[in-house]
Amino acid sequence: MRYSRQREAVYNVLCSTDSHPDVAYVYSQVRKIIPSISLGTVYRNLAELCKAGRVRKLGVSYAERYDANVSAHSHFVCTECGRICDLPAARCDAECDCGKVDRIDVVLYGLCCECQSADAAENIKGGSAE
Numbered sequence: 035m036r037y038s039r040q041r042e043a044v045y046n047v048l049c050s051t052d053s054h055p056d057v058a059y060v061y062s063q064v065r066k067i068i069p070s071i072s073l074g075t076v077y078r079n080l081a082e083l084c085k086a087g088r089v090r091k092l093g094v095s096y097a098e099r100y101d102a103n104v105s106a107h108s109h110f111v112c113t114e115c116g117r118i119c120d121l122p123a124a125r126c127d128a129e130c131d132c133g134k135v136d137r138i139d140v141v142l143y144g145l146c147c148e149c150q151s152a153d154a155a156e157n158i159k160g161g162s163a164e
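Here the sequence shown stands for residues 35 to 164, numbered as in our numbering.
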């Protein structure tokens, strides 16, 4: 993959966060560095970075999200707020009778700690009002 200033800016934005951002976030952050960059250029560079294996595209919520951490790991997605957290990779036998496994995607869904606390506080508040 040839070097481009735009692609490097997109990659650096992804590396600077562990929030698994969507395209809108990446675009807004890259525009701070390169104000003239177009949304189409951001999409193309994300696709190139994914194709080159430098970035992973996650289809885990309402919008595609991106992850610069391409090491083996899983994800936890909060069903309330949409937050995505990295989890250590579960050991898994990468051999199967069907063919060669290139990657394994494991996504766990549930309530994050913050949303659990908010739900608990709301339940207490709602319960005491009766």
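Every residue, glycine too, gets a C-beta built ideally from N, C-alpha and C.
Segment limits, alpha helix (DSSP H) that includes residue i
| i | result |
| --- | --- |
| C84 | L73 to K85 |
| L48 | R39 to C49 |
| V64 | V57 to I67 |
Assumed close pair residue i, residue j - CB separation to whole angstroms, cut-off 8 Å
| i | j | result |
| --- | --- | --- |
| V57 | V76 | 6 Å |
| L121 | S108 | 4 Å |
| I118 | V94 | 6 Å |
The beta strand (DSSP E) enclosing residue i, as first and last residue numbers
| i | result |
| --- | --- |
| R90 | R90 to L92 |
| V141 | V141 to G144 |
Residue i versus residue j - alpha carbon distance
| i | j | result |
| --- | --- | --- |
| A154 | V44 | 39 Å |
| L48 | S62 | 12 Å |
| M35 | R78 | 13 Å |
| I67 | S38 | 14 Å |
| N103 | T51 | 10 Å |
| K91 | L83 | 10 Å |
| E98 | V141 | 14 Å |
| C208 | C149 | Residue 208 is absent from the model: the chain starts at 35 and stops at 164. |
| I158 | V111 | 25 Å |
| S53 | C132 | 34 Å |
| A163 | E156 | Low confidence applies to A163: its pLDDT is 45, below 50, so where it sits in the model is not reliable enough to give any reading. |
Reduced DSSP secondary structure (H/G/I, E/B, other) of residue i
| i | result |
| --- | --- |
| I118 | strand |
| D101 | strand |
| C112 | strand |
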